[in-house]
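In mature numbering (1 follows the signal peptide of the UniProt record, and there is no 0), the protein residues as written are -27 to -1, 1 to 491. Glycine included, each C-beta is placed from N, C-alpha and C at the ideal position. Beneath this line is the structure, given in structure tokens, with notes to follow.
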């Protein structure tokens, strides 16, 4: 009976062991499946950063045509340029008239042309007479006339002027006829959908390109359909073709920029370890980016970096006493086999307690549009006005403003403004803490994916420590033997690492090819 009990107990134990093994195997399999799912999502998130929108233009032809009614005599005439009225004093006897006219023109800085048919001599004696009166008096006395040709003043005889007038009238008739033919051209109407540009601003700019009639009124119209964000253009064929070309050039998809930031707070010693020492002198060498070179990890200054495995952005510093070749330090986002070494290094230092990662925000914005990242609190302040207590709120935040401008396909100009507010409870006014504001503003030019660092937002922390053995430190007369005091002063520095990424345009999707991951 005892043997039967033992055999049953062994059977139950073995069955329990097998069940535990089976459950653990299922749990491991589920964990592996779960990890596999998360790994897939991580891989897809790393590969996908979004796209900038593709180009597309929608232009609709309208069938109707209209012929404008043009008022008679709408072609304008050229206005006459006024003559100078500077006082002139001149006394001359029997001088050649052509020489006299050139001397008068030189005295007021006018370029003059005298026809060969202008001949004769004249005498002149004037004292402080306006230049235009002297000039016109000489022309009337000798039967001459003048005409402006741009900035040139041409002197001709009356016979020459009659010939010129007849030629001008003939030219004017030709121009008027040509103008009438252009104005009699049927009006065309098109509806153009605006996808990316500001349709209202585009309408205002396009109205200036419409032809005008004699009274200055535009020939045609540009209307805005706000519901469809479209322009209804009615104009001549030439004006319409010119405006469509302008719209096609201006209504382009705006590039999008992904901005990634690491905002950390570290001691000055840790910042120096990172290779960032503001105001330091760089005496080292740069890395050279060379195809088919070795990996970036472990190289010394002057050695080649293979761009296919990533890139390195140097942030130089004079690390005194450091045994580093060239006395410099390379820092930045170095991509090697898909690993972001900057993030890894910052996370490792945070685990060691050498720095504090305040936030790792990322935001996408359009080209030339400001992206704002703000984190903090609204602090209540108590004010008294006419014996009435009022509560007002003031922001104490860490604020980052970045405005990217894409210069070329892989180059950006960045306008960066950082602002950090801190509450100082050691200095209060009516019980309210003082707000300390620190601000940094800069403009930099970066490549796509290059990292820049903003520092110098420092904070000094003073700590007084009182330590000793419990109970014994409070014994009168002997307590000083079992206790001690120390002071610690530490400088905290706020570092902001900013990395912009230009989002490429979505590649065209063809039949049989999957759409890109978003």
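8 Å Cβ cutoff met for residue i and residue j
{"i": "residue 475", "j": "residue 388", "result": "no"}
{"i": "residue 133", "j": "residue 95", "result": "no"}
{"i": "residue 409", "j": "residue 373", "result": "no"}
{"i": "residue 385", "j": "residue 331", "result": "no"}
{"i": "residue 390", "j": "residue 425", "result": "no"}
{"i": "residue 376", "j": "residue 365", "result": "no"}
{"i": "residue 62", "j": "residue 99", "result": "yes"}
{"i": "residue 504", "j": "residue 54", "result": "No answer is possible for residue 504: the residues shown for the chain start at -27 and end at 491."}
{"i": "residue 65", "j": "residue 117", "result": "no"}
{"i": "residue 230", "j": "residue 340", "result": "yes"}
{"i": "residue 361", "j": "residue 392", "result": "no"}
{"i": "residue 115", "j": "residue 83", "result": "no"}
{"i": "residue 414", "j": "residue 439", "result": "no"}
Residue i to residue j span [Cα, whole Å]
{"i": "residue 368", "j": "residue 394", "result": "8 Å"}
{"i": "residue 129", "j": "residue 104", "result": "19 Å"}
{"i": "residue 78", "j": "residue 136", "result": "25 Å"}
{"i": "residue 102", "j": "residue 92", "result": "24 Å"}
{"i": "residue 228", "j": "residue 349", "result": "30 Å"}
{"i": "residue 49", "j": "residue 146", "result": "Reliability fails at residue 49, whose pLDDT of 37 lies under 50, so the model's placement of it is uncertain and the value that follows must be treated cautiously. Taking the straight line joining both Cα atoms gives about 12 Å."}
{"i": "residue 398", "j": "residue 226", "result": "50 Å"}
{"i": "residue 421", "j": "residue 378", "result": "11 Å"}
{"i": "residue 179", "j": "residue 195", "result": "7 Å"}
{"i": "residue 478", "j": "residue 400", "result": "53 Å"}
{"i": "residue 186", "j": "residue 192", "result": "6 Å"}
{"i": "residue 465", "j": "residue 198", "result": "56 Å"}
{"i": "residue 494", "j": "residue 329", "result": "Shown here, the chain extends from -27 to 491; a query on residue 494 therefore has no answer."}
{"i": "residue 321", "j": "residue 234", "result": "17 Å"}
{"i": "residue 446", "j": "residue 473", "result": "57 Å"}
{"i": "residue 441", "j": "residue 396", "result": "32 Å"}
{"i": "residue 336", "j": "residue 217", "result": "35 Å"}
{"i": "residue 160", "j": "residue 212", "result": "10 Å"}
Continuous alpha helix (DSSP H) stretch holding residue i: start and end
{"i": "residue 394", "result": "Unbroken run through residue 394 is the beta strand (DSSP E), 384 to 402; no alpha helix (DSSP H)."}
{"i": "residue 211", "result": "210 to 223"}
{"i": "residue 111", "result": "104 to 114"}
{"i": "residue 80", "result": "70 to 80"}
Nearest neighbour of residue i, chosen from the options [CA to CA]
{"i": "residue 215", "options": "106, 447, 422, 183", "result": "183"}
{"i": "residue 112", "options": "355, 75, 148, 401", "result": "75"}
{"i": "residue 232", "options": "344, 110, 115", "result": "344"}
{"i": "residue 402", "options": "419, 354, 415, 422", "result": "354"}
{"i": "residue 406", "options": "444, 352, 68", "result": "352"}
{"i": "residue 427", "options": "458, 469, 419", "result": "469"}
{"i": "residue 190", "options": "181, 198, 57", "result": "181"}
{"i": "residue 172", "options": "219, 160, 243", "result": "219"}
{"i": "residue 121", "options": "335, 85, 217", "result": "85"}
{"i": "residue 56", "options": "67, 161, 108", "result": "108"}
Continuous beta strand (DSSP E) stretch holding residue i: start and end
{"i": "residue 117", "result": "117 to 122"}
{"i": "residue 344", "result": "344 to 358"}
{"i": "residue 180", "result": "It is not in any beta strand (DSSP E) - residue 180 instead sits in the alpha helix (DSSP H) that spans 172 to 180."}
{"i": "residue 199", "result": "Looking at the DSSP string, residue 199 is not in any beta strand (DSSP E), and its letter there is neither H nor E."}
{"i": "residue 377", "result": "361 to 381"}
{"i": "residue 129", "result": "125 to 130"}
{"i": "residue 332", "result": "328 to 332"}
{"i": "residue 237", "result": "229 to 240"}
{"i": "residue 417", "result": "405 to 420"}
Quick test of the definition: if touching needs 3 or more C-beta pairs under 8 Å, does the stretch 231 to 240 touch the stretch 204 to 214? No: fewer than three Cβ pairs fall under 8 Å.
Segment contact flag, the stretch 115 to 130 with the stretch 155 to 171, C-beta cutoff 8 Å, min 3 pairs: When Cβ pairs closer than 8 Å are counted between the two stretches, the stretch 115 to 130 is seen not to touch the stretch 155 to 171, the count staying below three.
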